[in-house]
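Presented below is the structure to which this report refers.
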Amino acid sequence: MEDITAPALSHAERPHAVRSSSQLGTLAVCEGFKPLNTEKVHWVTAQGNRGHAALDGGDDEILDTDFEQRMKDCCQRYSDSLPPASQVFEEIKVATIEGRWGYTDRLRLRENLGPGRGVLIDPDTADLLDWKFVRVKEVTDAEINLQGKDYVVGIFEDPRFPSINTIHVHFVMPRFESVSTATFTRDDVPRLKLEIFAVLRRAKRSDSTSYRGLTLVPNYDACRYCGASGNCRALRGIADTIGRSYDPNNYGIHPPIPTETHASAVKDATSRAQLQKLAGLMEQWAKSVRHHNLTASLEDDKNLPEGYAVEWAKGRRFITSVDGLFVAAQEFGLTNGDLVEAATISWTKVEDKLRERAPRGTKQTVVTDFNQRLLELEAVDRPEPTPKLGKV
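Take the sequence shown: its letter number 194 is residue 195 in my numbering, and every next letter is one higher.
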């Protein structure tokens with residue numbers, strides 16, 4: 002049995018059970034829901050973690066902004082407005098049905114004064130508070146919210162709280178300055194357990210290797226946080242319907258990548274076209290990979306791809322003063338011809354200089370005559386055009 006007086010785990014450090022209390026509402030919508038497995042913490046979640054930590058330990062220094070302070074104060078004021086408590090517990094672990102568990106944000110055991118008025122006896126009423134720093138919309142009403150019901154079952158069946166007969170659930174939403182409440186008694190436990198069991202048992206079907214997902218129910222609010230959405234049969238069906246409406250004649254006919262990917266072995270024009278498109282996409286993808294990997298590595302060397310290091314190549318040198326170059330060249334015995342022979346001259350830039358200096362109305366004539374004179378002097382050479390593939 003967990004020591005209820007031991008220091009509480011922080012909100013961010015709490016482990017989650019498989020199909021935890023907070024997932025029950027989503028599982029009730031779609032049995033195939035799987036939580037996202039990501040280390041990246043959304044900024045709203047980070048705000049919530051800091052708010053929970055401040056409420057747990059009373060240390061407001063962890064809060065980043067005045068707005069976070071106001072949200073934390075809103076939660077604390079509501080808690081302080083409830084009837085006096087004989088004991089208050091933060092982030093305690095309670096066991097729920099089917100071998101699962103959950104962590105309550107705050108559990109307040111109300112003072113229960115005996116006949117002598119002033120003598121405390123075992124509490125018969127508790128307030129269960131759950132801080133909800135949600136941003137998009139308010140959470141499901143406490144009367145039907147399965148997360149609250151799961152916690153209620155766990156507390157009523159916890160041997161540490163044998164005298165509690167009534168639990169008031171409070172979902173406190175500081176962004177909306179609202180609270181949703183509901184009251185449950187021990188008589189409600191059989192019904193609550195059956196509701197939770199029904200959701201869990203239906204969801205358990207998705208664990209089977211023979212599960213085909215025929216009863217999945219796509220829902221945007223559930224799907225965008227679902228780790229299985231990329232391979233979801235129901236979502237694929239929706240995407241296929243949309244794809245056919247965009248391209249009814251060709252959708253699904255040609256695979257995006259031909260079976261043969263070695264260009265030397267491809268014989269038909271259709272496959273060559275697919276490879277040509279793929280080559281362009283891969284070039285852009287490769288540039289993107291190099292760019293983002295380098296950016297991440299420069300920001301923090303912990304982001305270096307394994308086996309790689311940032312190297313600093315010498316920058317390309319440019320002559321910024323032609324006059325200075327001629328002076329230095331003469332001092333070291335180089336002729337103007339040597340410089341021209343060693344330099345790479347931009348034909349286009351020379352033409353631009355001619356246009357700048359030619360009288361109005363004669364610019365193109367001057368450029369044409371200049372190019373003709375270069376050809377007569379055999380001073381230039383233009384290679385044959387280089388073929389390349391372009392989109393038609």
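All C-beta atoms in this analysis are idealised placements derived from N, C-alpha and C, irrespective of residue type, glycine included. On a predicted model such as this, the values are computed, not experimentally measured, just so you know.
Segments of 4+ residues assigned as alpha helix (DSSP H) that fall wholly inside the segment 166–235: Counting only runs of 4+ residues, the alpha helix (DSSP H) found wholly inside the segment 166–235 occupies 190–205 and 221–224, in chain order.
Do G26 and N113 have their C-beta atoms closer together than 9 Å? Residue 26 sits at position 25 when you count from the first residue of the sequence shown. Residue 113 sits at position 112 when you count from the first residue of the sequence shown. Going by C-beta atoms, G26 is not nearer than 9 Å to N113.
Under three-state DSSP, which class holds A7? On the sequence shown, position 6 is the one that residue 7 refers to. Because the pLDDT at A7 is just 47, under 50, the model does not fix this residue reliably, and the value given afterwards should be weighed accordingly. Three-state DSSP puts A7 in coil, outside helix and strand.
With DSSP collapsed to three states, give me the class of T27. Numbered from 1 along the sequence shown, position 26 holds the residue referred to as residue 27. Of the three classes helix, strand and coil, the one that applies to T27 here is helix, per DSSP.
Element boundaries [beta strand (DSSP E), containing I93]: Here residue 93 refers to the residue found at position 92 when the sequence shown is read from its first residue. Per DSSP, I93 belongs to the beta strand (DSSP E) from A86 to A96.
Under the rule that 16 or more other beta-carbon atoms within 10 Å means buried, what is E284, buried or exposed? In the sequence shown, counting from the first residue as 1, residue 284 sits at position 283. By the 10 Å Cβ count, E284 comes out exposed.
In the structure shown, what three-state DSSP assignment does L131 receive? As a first step, residue 131 must be located in the sequence shown, where it is residue number 130. At residue 131 the sequence reads Asp, which differs from the Leu that was named. Strand, per DSSP.
Can you grab the Cα-Cα spacing for the pair T216 / P249, in whole Å? To locate residue 216, count along the sequence shown from 1; it is residue 215. To locate residue 249, count along the sequence shown from 1; it is residue 248. Whole-angstrom Cα-Cα distance: 27 Å.
Indicate whether A359 and V367 have their beta-carbon atoms separated by less than 9 Å. Position 358 of the sequence shown holds residue 359. Position 366 of the sequence shown holds residue 367. In this structure, V367 lies closer than 9 Å to A359 by Cβ.
Does the pairing of the segment 232–252 with the segment 50–58 give three or more beta-carbon distances under 8 Å? no
Neighbourhood of G1 by C-beta distance below 7 Å, restricted to the same chain and skipping five residues each side: Limits of the chain in this structure are 2 at one end and 393 at the other, which puts residue 1 out of reach.
State the Cα-Cα distance for the pair L121 and A127, rounded to the nearest angstrom. For this step, residue 121 is matched to residue 120 along the sequence shown. For this step, residue 127 is matched to residue 126 along the sequence shown. Rounded to whole angstroms, the gap between the alpha carbons of L121 and A127 is 15 Å.
Reducing DSSP to helix, strand and coil, say where Y104 ends up. Position 103 of the sequence shown holds residue 104. Strand.
Bridge partners for G109 per DSSP, in chain order? On the sequence shown, residue 109 is found 108 positions in, with the first residue counted as 1. The sequence shown places Arg at residue 109, not Gly. Paired residue(s): V89 and D128.
Check the C-beta distance from A143 over to R109 and give it rounded, since I have them as a contact under 8 Å. Along the sequence shown, read from residue 1 onward, the residue named residue 143 stands at position 142. Along the sequence shown, read from residue 1 onward, the residue named residue 109 stands at position 108. About 16 Å separates the CB atoms of A143 and R109; that is not less than 8 Å, and the two are not in contact.
Comparing C-alpha positions only, which one of V137, Q88, K35 and Q24 sits nearest to I165? Taking the first residue of the sequence shown as 1, we reach residue 165 at position 164. Nearest option by C-alpha distance: Q88.
Are the CB atoms of D125 and R107 within a distance shorter than 9 Å? The residue labelled residue 107 in the question sits at position 106 within the sequence shown. The residue labelled residue 125 in the question sits at position 124 within the sequence shown. No.
CB-CB length for V30 against A223, believed under 8 Å: Counting from 1 along the sequence shown, the entry for residue 30 is found at position 29. Counting from 1 along the sequence shown, the entry for residue 223 is found at position 222. Sure, about 5 Å apart at Cβ, within 8 Å.
On the CB-based measure, 16 or more other CB atoms within 10 Å of its CB, does T105 come out buried or exposed? By one-based count along the sequence shown, residue 105 stands at place 104. Buried: at least 16 other Cβ atoms inside 10 Å.
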